Ligand SMILES: Cc1ncc(COP(=O)(O)O)c(C=O)c1O
């Protein structure tokens with residue numbers, strides 16, 4: 073286990089603003105509960121016993137540090153820079169999400185809350201929340217759009233097995249943003265005894281900061297592992313972006329390494345000009361949704377887009393974390409995107425080349441990472457965050473690729 | 041503060057009663073019908089809150105969520121909201137008019153354009169659910185320049201520190217949310233609401249209106265005994281839900297229920 077840096081780098085201002093983005097745009101009823109979470113977070117973060125327990129769980133329960141894998145077969149196939157994969161798919165529960173749910177569940181327990189709620193899109197955050205709730209013996213309700221329940225059936229079953237209630241959300245598009253709305257509504261009425269484990273680096277302060285902090289283990293490990301294995305820092309670090317938690321986790325610790333190019337890959341859906349994508353940073357504009365000022369996909373009068381789309385439920389979100397907007401505006405974050413088709417192709421390439429089945433979300437980072445690597449020299453390094461494994465997506469992929477009884481696709 | 045809102049509360053006080061504040065979502069169930077319903081309701085109330093429909097009404101229960109959905113499906117735009125406000129102003133020169141909604145609508149339109157246009161048609165105040173005092177710097181000066189009162193919410197979870205913030209940032213009146221919950225839930229306990237209002241009055245001289253969950257004349261009478269105004273939202277909106285087609289019937293029902301509520305709100309002497 074590495075010696076993690078527990079300082080808080082590039083902190084927002086007192087109100088949670090990263091430059092002009094972020095803040096706490098919440099209903100009055102939630103302002104005090106959010107302040108209580110903020111206070112609890114800062115007090116926990118300053119308490120060595122909190123980290124002792126958190127890091128012990130990350131090591132012995134989650135299986136950290138996750139490996140950094142030099143994907144030589146994939147590198148040969150792409151023909152360019154050396155590709156290294158940060159294996160968040162090997163975490164317990166199969167994605168990076170658990171880094172955050174462990175941290176927030178510990179916080180909920182410190183605050184004396186007996187019940188947790190969460191929203192989920194792909195179901196990975198829901199599973200990671202249900203998992204820690206089972207371990208900490210907390211009651212757990214997960215809000216999930218009905219459309220996502222259909223797309224991610226295996227994860228719904230996992231959450232139920234873990235003892236969580238999965239509550240379908242029918243409003244709006246019945247996807248992730250609607251699940252967030254519903255969880256917020258429920259939380260307003262129950263904040264006294266209930267903790268809301270927000271699943272990505274978005275939402276009102278302190279969630280963007282806190283979720284980022286809980287995930288920086290990813291980038292801190294990857295940075296050190298890359299130095300050890302490749303003898304240098306990566307030239308490019310790549311992560312997919314839904315709300316931004318795995319991206320901030322990988323990229324934030326390399327903010328000050330000026331030689332590393334940081335790339336955020338958004339969901340290109342049917343193409344950036346199709347109107348059906350989830351590229352909030354590339355194609356959206358500043359706006360206020362779910363408690364913070366950031367980039368959103370919305371019309372001229374601020375109605376949030378009903379056409380946001382991605383093949384992957386975890387990226388199908390019309391907003392994005394405020395710190396990513398800030399980093400983009402600062403020129404410290406480059407944008408890229410991958411379409412549904414490109415992600416599906418990358419999914420198959422990695423599976424066949426390396427025997428690793430990636431999540432469809434992570435396949436977006438792969439698609440862009442491979443495209444970038446192909447333009448680079450062999451002595452250069454591209455680091456890609458493999459944020460999760462693809463088991464949950466097998467149904468979706470099977471439907472898209474077709475599958476016959478003889479097992480040939 | 042907006043002169044007209046101040047006059048509304050002064051008039052109610054002189055008549056020894058609380059102000060009745062009514063909410064409907066603009067464009068629900070269609071722009072045309074909505075205009076008629078609002079004009080009908082406006083006759084019986086002191087302040088009308090015109091809801092700006094929003095795709096993601098995070099603080100609203102099912103009744104007002106559905107109203108927003110109907111309004112957007114009917115193609116309601118900000119122009120239509122302004123038109124309705126203008127018609128109300130023409131017909132009722134003394135009523136208070138408040139636009140209520142979520143931050144992203146005025147933010148995207150641009151606070152300056154939003155405020156200028158709202159003020160031009162006779163709007164008196166703006167209440168944005170997700171702009172608390174801490175974030176009100178985004179729009180406070182602009183609203184002030186256009187003589188629009190920025191109405192702040194307070195809730196059962198608001199601490200004294202937060203009450204102070206709202207007292208400093210707010211104008212027009214304070215909207216006290218009767219319960220920790222979303223619109224349309226059951227009203228909070230009267231004794232607790234009363235205690236919180238006494239606390240708020242130590243920090244602010246603004247009139248205080250209480251809303252969320254008010255449905256009956258008994259509730260209105262209870263609140264009117266100590267609040268400066270009572271806000272009724274989901275109860276009025278639900279009359280649209282249950283009568284989607286019969287416009288005149290809805291107007292009649294709104295009028296009947298609004299006058300019943302209003303007459304329950306005279307204070308005992
Ligand atoms: C495997 C995986 N990667 C990425 C994401 C996207 O979320 P974020 O941008 O917060 O990392 C998700 C969300 O569900 C996910 O499950």
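Residue numbers (this note's numbering), protein chains in the order written: chain A, 73 to 481; chain B, 41 to 309. The C-beta atom is built at its ideal place from N, Cα and C for all residues, glycine as well. Predicted model only: the values in this text are computed from it and were never measured.
Neighbour-count burial assignment, residue i, 16 or more Cβ in a 10 Å radius
i	result
residue 104 of chain B	buried
residue 257 of chain A	buried
residue 87 of chain A	exposed
residue 430 of chain A	buried
residue 297 of chain B	buried
residue 113 of chain A	buried
residue 169 of chain A	buried
residue 120 of chain A	exposed
residue 432 of chain A	buried
residue 51 of chain B	exposed
Backbone CA spacing between residue i and residue j [nearest angstrom]
i	j	result
residue 475 of chain A	residue 287 of chain A	37 Å
residue 215 of chain B	residue 85 of chain A	29 Å
residue 147 of chain A	residue 404 of chain A	26 Å
residue 296 of chain A	residue 444 of chain A	22 Å
residue 481 of chain A	residue 426 of chain A	The predicted position of residue 481 of chain A is uncertain, since its pLDDT is 46 and thus under 50; no value can be drawn from it.
residue 200 of chain A	residue 73 of chain B	48 Å
residue 277 of chain A	residue 110 of chain A	8 Å
residue 407 of chain A	residue 177 of chain A	32 Å
residue 79 of chain B	residue 238 of chain B	34 Å
residue 158 of chain B	residue 271 of chain B	21 Å
residue 157 of chain A	residue 388 of chain A	23 Å
residue 292 of chain A	residue 327 of chain A	11 Å
residue 254 of chain A	residue 102 of chain B	10 Å
residue 262 of chain A	residue 213 of chain A	12 Å
residue 98 of chain A	residue 448 of chain A	45 Å
residue 93 of chain B	residue 145 of chain A	54 Å
residue 131 of chain B	residue 252 of chain A	41 Å
residue 221 of chain A	residue 240 of chain A	7 Å
residue 133 of chain B	residue 240 of chain B	31 Å
residue 219 of chain A	residue 226 of chain A	14 Å
residue 138 of chain A	residue 409 of chain A	26 Å
residue 390 of chain A	residue 377 of chain A	7 Å
residue 191 of chain A	residue 249 of chain A	9 Å
Beta-carbon gap between residue i and residue j smaller than 7 Å
i	j	result
residue 283 of chain A	residue 312 of chain A	no
residue 332 of chain A	residue 456 of chain A	no
residue 246 of chain A	residue 453 of chain A	no
residue 60 of chain B	residue 302 of chain B	yes
residue 375 of chain A	residue 95 of chain B	yes
residue 364 of chain A	residue 94 of chain A	yes
residue 187 of chain B	residue 49 of chain B	no
residue 273 of chain B	residue 223 of chain B	yes
residue 227 of chain B	residue 58 of chain B	no
residue 219 of chain B	residue 191 of chain B	no
Closer than 6 Å: residue i CB and nearest ligand 1 heavy atom
i	result
residue 169 of chain B	no
residue 435 of chain A	no
residue 309 of chain A	no
residue 313 of chain A	yes
residue 318 of chain A	yes
residue 386 of chain A	yes
residue 193 of chain A	yes
residue 112 of chain A	no
residue 459 of chain A	yes
residue 196 of chain A	yes
residue 272 of chain A	yes
residue 302 of chain A	no
residue 415 of chain A	no
residue 167 of chain A	yes
residue 236 of chain A	no
residue 336 of chain A	no
residue 431 of chain A	yes
Residues sharing a beta bridge with residue i, DSSP
i	result
residue 165 of chain B	B:138 and B:189
residue 216 of chain A	A:192 and A:240
residue 87 of chain B	B:61 and B:136
residue 335 of chain A	A:310 and A:406
residue 458 of chain A	A:159
residue 365 of chain A	A:94 and A:360
residue 411 of chain A	A:341
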